[in-house]
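Engineer: Can you read through this structure? Questions will come right after.
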Amino acid sequence: MKPEPLLDVAELSKRYALQPSGSPIARAIRRLRHGPEAVPKLHAVDDVSFTIGRGETVGLVGESGCGKSTLVRLIARLIDGNEGSIRLGASELTHIPAKRFASVDERVKIQMVFQDAGESINPRYTASDAISDPLRRLRGLSGDALRSKVEEAATRCGLPLELLSRYPHQLSGGQRARVGIARAIAVEPELLILDEPTAALDVSVQVVILQLLEKLKVELGMSYLFVSHDLNVVRLLCDRVLVMYLGKIVESGPAREVFANPAHPYTRALVDAVPDAKRPPSGRVRLSGEIASPIDPDPNTCRFVGRCPKAESLCRQAMPRLQPVRPGHQAACHFSSSGPQT
Amino acid sequence: MAAPALLVDNLSVEFQTRSGVVKALEGVSFNVAKGETLAVVGESGSGKSVTAYAVMGILDAAAAVTSGRAVLGGLDLLAASKEAMAEVRGREVAMIFQNPRTALNPIRRVGDQIADVLLRHANVTPNAAPREAIKLLETVGITDPVRRAKAYPFELSGGMCQRVMIAIALAAQPSLLIADEPTTGLDVTTQAIIMDIIAERASATGMATIFITHDLGLAAERADRIVVMHAGHVVEAQRTRDLFAHPRHPYTQALIAATPGHTSRLAELSTIGGNLPDLRAAKLPACRYAARCPRKLAICDSSLPSIDPTAPEALACHNPVSSPPMGEAA
Numbered sequence: 045m046k047p048e049p050l051l052d053v054a055e056l057s058k059r060y061a062l063q064p065s066g067s068p069i070a071r072a073i074r075r076l077r078h079g080p081e082a083v084p085k086l087h088a089v090d091d092v093s094f095t096i097g098r099g100e101t102v103g104l105v106g107e108s109g110c111g112k113s114t115l116v117r118l119i120a121r122l123i124d125g126n127e128g129s130i131r132l133g134a135s136e137l138t139h140i141p142a143k144r145f146a147s148v149d150e151r152v153k154i155q156m157v158f159q160d161a162g163e164s165i166n167p168r169y170t171a172s173d174a175i176s177d178p179l180r181r182l183r184g185l186s187g188d189a190l191r192s193k194v195e196e197a198a199t200r201c202g203l204p205l206e207l208l209s210r211y212p213h214q215l216s217g218g219q220r221a222r223v224g225i226a227r228a229i230a231v232e233p234e235l236l237i238l239d240e241p242t243a244a245l246d247v248s249v250q251v252v253i254l255q256l257l258e259k260l261k262v263e264l265g266m267s268y269l270f271v272s273h274d275l276n277v278v279r280l281l282c283d284r285v286l287v288m289y290l291g292k293i294v295e296s297g298p299a300r301e302v303f304a305n306p307a308h309p310y311t312r313a314l315v316d317a318v319p320d321a322k323r324p325p326s327g328r329v330r331l332s333g334e335i336a337s338p339i340d341p342d343p344n345t346c347r348f349v350g351r352c353p354k355a356e357s358l359c360r361q362a363m364p365r366l367q368p369v370r371p372g373h374q375a376a377c378h379f380s381s382s383g384p385q386t
Numbered sequence: 581m582a583a584p585a586l587l588v589d590n591l592s593v594e595f596q597t598r599s600g601v602v603k604a605l606e607g608v609s610f611n612v613a614k615g616e617t618l619a620v621v622g623e624s625g626s627g628k629s630v631t632a633y634a635v636m637g638i639l640d641a642a643a644a645v646t647s648g649r650a651v652l653g654g655l656d657l658l659a660a661s662k663e664a665m666a667e668v669r670g671r672e673v674a675m676i677f678q679n680p681r682t683a684l685n686p687i688r689r690v691g692d693q694i695a696d697v698l699l700r701h702a703n704v705t706p707n708a709a710p711r712e713a714i715k716l717l718e719t720v721g722i723t724d725p726v727r728r729a730k731a732y733p734f735e736l737s738g739g740m741c742q743r744v745m746i747a748i749a750l751a752a753q754p755s756l757l758i759a760d761e762p763t764t765g766l767d768v769t770t771q772a773i774i775m776d777i778i779a780e781r782a783s784a785t786g787m788a789t790i791f792i793t794h795d796l797g798l799a800a801e802r803a804d805r806i807v808v809m810h811a812g813h814v815v816e817a818q819r820t821r822d823l824f825a826h827p828r829h830p831y832t833q834a835l836i837a838a839t840p841g842h843t844s845r846l847a848e849l850s851t852i853g854g855n856l857p858d859l860r861a862a863k864l865p866a867c868r869y870a871a872r873c874p875r876k877l878a879i880c881d882s883s884l885p886s887i888d889p890t891a892p893e894a895l896a897c898h899n900p901v902s903s904p905p906m907g908e909a910a
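Top to bottom, those sequences are chains A and B.
Residues 45 to 386 (my numbering) are what the first sequence spells out, left to right.
Residues 581 to 910 (my numbering) are what the second sequence spells out, left to right.
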């Protein structure tokens, strides 16, 4: 359907090795009894594949701890994965170690807007310094050329030029958000990763920032990966949505369709948890229990099984894979093909 | 009508700061009935939390209550002595805070923290307290409460900590619970469960609930009645359904129009022009929304309609949105 994706992520995994537990003596006894012990690993991102088309906005939703941030950091090449590939256009990015990524040409193409601009901007940088920094480092600009680019980015983001000499603490939340966005778009990236860009803002400011992002996307021809846990915002801004649970993508598809007709029980619970005055809270799906441990999970058990209202014995014997439920809409559930519940 | 569980009448609070006096609250009036869930909504800086802190008597030292009363069961909380307030807090009025992990004592087991309240306020003997604490953990839906009672806050998830806070708040069966953004920072799935627990406990005990939130959608779903605050004023109060069907204050209307959830397109969301006024200004206009208001009249700078603190509805506007206003966005 889509000609050639901008970003193609395939079978991407990230595991963190943990310290083995217990005292040295306990560990020695365990080794004697069970042989060399395996280091426990936390599976933060597990075999994730998806694409983002040119000019497309893809939303990434899921609870805290589900691996959203790790996935985003992998794609932004701030950290290295264990397996899998990340292709941006024609180039494979996983061949370049994260440590060196800051000095290669591709760095310009992927930029990131962080959650709270008040905390992600160096407090000793003025707004102008913050926006200049990537332009100087990645585009090699200086002097008048630099100044004019900084002013152009600020203007695009609706940041009055007289505020450029201010420090973050002298700016309002909305103005700081604009600085964070201006900083990221100044170098004209192809992919902009937005990590909860409006989570810290009041609704009146949130609307302005969301509308600004929508405008910039069209003007600059960028693609967005938009991380949020506000499903209402994702529904408004995103073409497609990825739903993540414990390191895995459990559902993906057109945003409107996924929220209107969730195929995975987890997505159903997420949608049912969104406040809605028109539906009484009783009778909606509620998740009992806590999210399972991401440390060495059983590869043959669905990650959602402990909280799933539909779980059956099959779910403990085979990990469900993403399967199409409708065109362009996939879900990883053994029982999703039976269609959405009423 | 029966006497309200809490009546706040003409409450004003000022903060002394290095750059001048900040008039954080001015003439705030509202009431909450027994068994009612009242939401107080507004953007940051609107004075929602300051109102709650004033009622609880836990304002910052730089703050001073300059007028008003807050009557709970015949006692004016704002005039009560420190000793009297120490008895009221935890027994009659309890509060749960945003970010439960920082509100709990990090170096004490959560079971002990619940037992503290039981011993202080609920006439429970030291022998029975641990057992009662475990029972309370059970009522807020904590699985394996015996083991969890021995946990420290850092060993529990955010949602779990908030349940512990609710258990502490409800330990002495207060007649009023004030919940200040109880679910901000939690996942929506956890938020739904926490709000269910609060609603369930409130209906089981007939307790009145004031919950403070910036999330209009959450207020719409959970509250019987909503009080809208802006820059330290109550601008409007109505039954929830009426407020959304017929918002009368221009600010309420703008706030609803800016909230995602009711539309299907981003472009349909309206923005609210201007910023909150500087609350330090020596000469604030009578209506603090006047500078942002598309319906402003000359009189708005000099006078503000007063609010009846005992009425279920309130409107502080000279030029309210006429009755069936749907669709006419400012």
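Glycine included, each C-beta is placed from N, C-alpha and C at the ideal position.
Every value quoted in this text rests on a predicted model; they were computed, and no experiment measured them.
Consider the Cβ of L264 of chain A: report whether some Cβ of chain B lies at a distance smaller than 8 Å.
Structural biologist: By 1-based counting over the first sequence, the position of residue 264 of chain A is 220. L264 of chain A does not count as touching chain B.
Engineer: Put Q63 of chain A into one of helix, strand or coil per three-state DSSP.
Structural biologist: Indexing the first sequence from 1 puts residue 63 of chain A at position 19. It is coil, neither helix nor strand.
Engineer: Between which two residues does the alpha helix (DSSP H) containing K715 of chain B stretch?
Structural biologist: Within the second sequence, residue 715 of chain B is the residue found at index 135, counting from 1. Run containing K715 of chain B: 709–719, per the alpha helix (DSSP H) assignment.
Engineer: Curious, which full-length alpha helix (DSSP H) runs of at least 4 residues does the region 650–734 of chain B contain?
Structural biologist: Qualifying alpha helix (DSSP H) stretches, in chain order: 662–668, 680–683, 690–701, 709–719, 725–728.
Engineer: So what's N126 of chain A in DSSP terms, helix, strand or just coil?
Structural biologist: Here the question's residue 126 of chain A lines up with position 82 in the first sequence. Three-state result, N126 of chain A: coil.
Engineer: Residues in its own chain within less than 6 Å of T386 of chain A by CB, not counting five upstream and five downstream?
Structural biologist: Here residue 386 of chain A corresponds to residue number 342 of the first sequence, with the count starting at 1. Residue confidence for T386 of chain A is low, a pLDDT of 36 falling below 50, so the modelled location carries little weight and cannot support an answer.
Engineer: Measuring straight from C-alpha to C-alpha, what distance separates S737 of chain B and C880 of chain B?
Structural biologist: Within the second sequence, numbered from 1, the residue matching residue 737 of chain B stands at position 157. Within the second sequence, numbered from 1, the residue matching residue 880 of chain B stands at position 300. Using only the alpha carbons, I get a separation of about 48 Å.
Engineer: Nearest by alpha-carbon distance to R191 of chain A: which of A:V105, A:L86, A:S172, A:F348 is it?
Structural biologist: Stepping through the first sequence from its first residue, residue 191 of chain A is reached at position 147. For the residues A:V105, A:L86, A:S172, A:F348, the minimum Cα distance to R191 of chain A belongs to A:S172.
Engineer: Ignore the nearest five residues each way along the sequence and tell me which others in G600 of chain B's own chain have a CB closer than 7 Å to its CB.
Structural biologist: Counted from its first residue, the second sequence places residue 600 of chain B at position 20. Contacts found: R860.
Engineer: Return the first residue and the last residue of the alpha helix (DSSP H) that L281 of chain A is part of.
Structural biologist: Residue mapping note: residue 281 of chain A aligns to position 237 of the first sequence, counting from 1. First-last of the alpha helix (DSSP H) with L281 of chain A: 275–281.
Engineer: Put A243 of chain A into one of helix, strand or coil per three-state DSSP.
Structural biologist: Against the first sequence, residue 243 of chain A aligns to sequence position 199. It is coil, neither helix nor strand.
Engineer: Under a Cβ-count criterion, where at least 16 other Cβ atoms within 10 Å of its own Cβ denotes burial, should R916 of chain B be classed as buried or exposed?
Structural biologist: For chain B, the structure presents residues 581 to 910; residue 916 of chain B sits outside this window and is missing.
Engineer: Does any C-beta atom of chain A lie closer than 8 Å to the C-beta of P840 of chain B?
Structural biologist: Stepping through the second sequence from its first residue, residue 840 of chain B is reached at position 260. Yes, its Cβ sits closer than 8 Å to a Cβ of chain A.
Engineer: Whole-angstrom Cβ separation of T839 of chain B and V247 of chain A, contact assumed at under 8 Å?
Structural biologist: Within the second sequence, the letter at position 259 stands for residue 839 of chain B. Within the first sequence, the letter at position 203 stands for residue 247 of chain A. That belief holds up - the Cβ atoms of T839 of chain B and V247 of chain A are roughly 5 Å apart, short of 8 Å.
Engineer: Below 8 Å on C-beta distance, what does R845 of chain B contact in chain A?
Structural biologist: Indexing the second sequence from 1 puts residue 845 of chain B at position 265. L280, listed in chain order.
Engineer: Per DSSP, what kind of secondary structure is I96 of chain A in: helix, strand or coil?
Structural biologist: Residue 96 of chain A sits at position 52 when you count from the first residue of the first sequence. Note: I96 of chain A maps to strand in three-state DSSP.
Engineer: Quick one: Cα of M913 of chain B to Cα of L586 of chain B, how far?
Structural biologist: The first residue shown for chain B is 581 and the last is 910, placing residue 913 of chain B beyond what the model contains.
Engineer: H308 of chain A versus chain B: which residues are under 8 Å apart at the beta carbon?
Structural biologist: Taking the first residue of the first sequence as 1, we reach residue 308 of chain A at position 264. Those within 8 Å of H308 of chain A in chain B number zero; the least Cβ separation is about 13 Å.
Engineer: Where does Y310 of chain A fall in DSSP's three states?
Structural biologist: Stepping through the first sequence from its first residue, residue 310 of chain A is reached at position 266. Here Y310 of chain A sits in helix by DSSP.
Engineer: Could you name the residues of the region 611–624 of chain B whose beta carbon sits closer than 7 Å to any beta carbon of chain A, in the order they occur along the chain?
Structural biologist: Within the region 611–624 of chain B, the residues whose Cβ lies closer than 7 Å to some Cβ of chain A are E623, S624, listed in chain order.
Engineer: Can you tell which of B:I722, B:R681, B:R805, B:K863 has its C-alpha closest to the C-alpha of E334 of chain A?
Structural biologist: Counting from 1 along the first sequence, the entry for residue 334 of chain A is found at position 290. Checked all of B:I722, B:R681, B:R805, B:K863; the closest Cα to E334 of chain A is B:I722.
Engineer: For P298 of chain A, write down the residues that DSSP places opposite it in a beta bridge.
Structural biologist: Here the question's residue 298 of chain A lines up with position 254 in the first sequence. Beta-bridge pairing links P298 of chain A to A:R284.
Engineer: Roughly how many angstroms lie between the CA atoms of G907 of chain B and R845 of chain B, to the nearest whole one?
Structural biologist: Taking the first residue of the second sequence as position 1, residue 907 of chain B is located at position 327. Taking the first residue of the second sequence as position 1, residue 845 of chain B is located at position 265. Confidence in G907 of chain B is poor, its pLDDT being 43 and thus under 50, which makes the residue's placement unreliable; the coordinate value appears in the next sentence. Their backbone Cα atoms lie some 15 Å apart in a straight line.
Engineer: How many whole angstroms separate the CB atoms of V271 of chain A and E240 of chain A, which I take to be in contact at a CB cut-off of 8 Å?
Structural biologist: Here the question's residue 271 of chain A lines up with position 227 in the first sequence. Here the question's residue 240 of chain A lines up with position 196 in the first sequence. Confirmed, Cβ separation roughly 6 Å.
Engineer: Determine the direct distance from the alpha carbon of P827 of chain B to that of P905 of chain B, and round the result to whole angstroms.
Structural biologist: On the second sequence, position 325 is the one that residue 905 of chain B refers to. On the second sequence, position 247 is the one that residue 827 of chain B refers to. Confidence in P905 of chain B is poor, its pLDDT being 44 and thus under 50, which makes the residue's placement unreliable; the coordinate value appears in the next sentence. Their Cα atoms are separated by approximately 8 Å.
Engineer: Quick one: residues in its chain with C-beta nearer than 7 Å to the C-beta of V901 of chain B, no 5 flanking neighbours on either side, listed in chain order?
Structural biologist: Residue numbering aside, residue 901 of chain B sits at position 321 when the second sequence is read from its first letter. Excluding sequence neighbours, V901 of chain B sits near P827, R828, P830, Q833.
Engineer: Closest to S147 of chain A by CA distance: which of A:P178, A:E127, A:R98, A:G125 is it?
Structural biologist: Here residue 147 of chain A corresponds to residue number 103 of the first sequence, with the count starting at 1. Here the closest residue by C-alpha is A:P178.
Engineer: Quick one: residues in its chain with C-beta nearer than 6 Å to the C-beta of D90 of chain A, no 5 flanking neighbours on either side, listed in chain order?
Structural biologist: As a first step, residue 90 of chain A must be located in the first sequence, where it is residue number 46. S57, G291, K292.
Engineer: For E761 of chain B and Q678 of chain B, what's the separation of their Cα atoms in angstroms?
Structural biologist: Along the second sequence, read from residue 1 onward, the residue named residue 761 of chain B stands at position 181. Along the second sequence, read from residue 1 onward, the residue named residue 678 of chain B stands at position 98. Distance between the alpha carbons of E761 of chain B and Q678 of chain B is about 5 Å.
Engineer: Across which residues does DSSP place R131 of chain A in a beta bridge pair?
Structural biologist: Your numbering for residue 131 of chain A matches position 87 in the first sequence. Per DSSP, A:D52, A:E136.
Engineer: Answer yes or no: does any C-beta atom of chain A fall closer than 8 Å to that of E801 of chain B?
Structural biologist: Start at 1 with the first residue of the second sequence, and residue 801 of chain B comes out as number 221. Interface residue, yes.
Engineer: Could you run through the region 786–817 of chain B and flag, in chain order, every residue whose CB is less than 9 Å away from some CB of chain A?
Structural biologist: Correct list: H794, D795, L796, G797, L798, A799, A800, E801, R802.
Engineer: Once DSSP output is grouped into helix, strand and coil, what is the label at A70 of chain A?
Structural biologist: Locating residue 70 of chain A in the first sequence gives position 26, counting from the first residue. Correct three-state label for A70 of chain A: helix.
Engineer: When you compare each of B:E816, B:A779, B:M665 to G637 of chain B by their alpha carbons, which one comes out closest?
Structural biologist: Against the second sequence, residue 637 of chain B aligns to sequence position 57. Considering only alpha carbons, the answer is B:M665.
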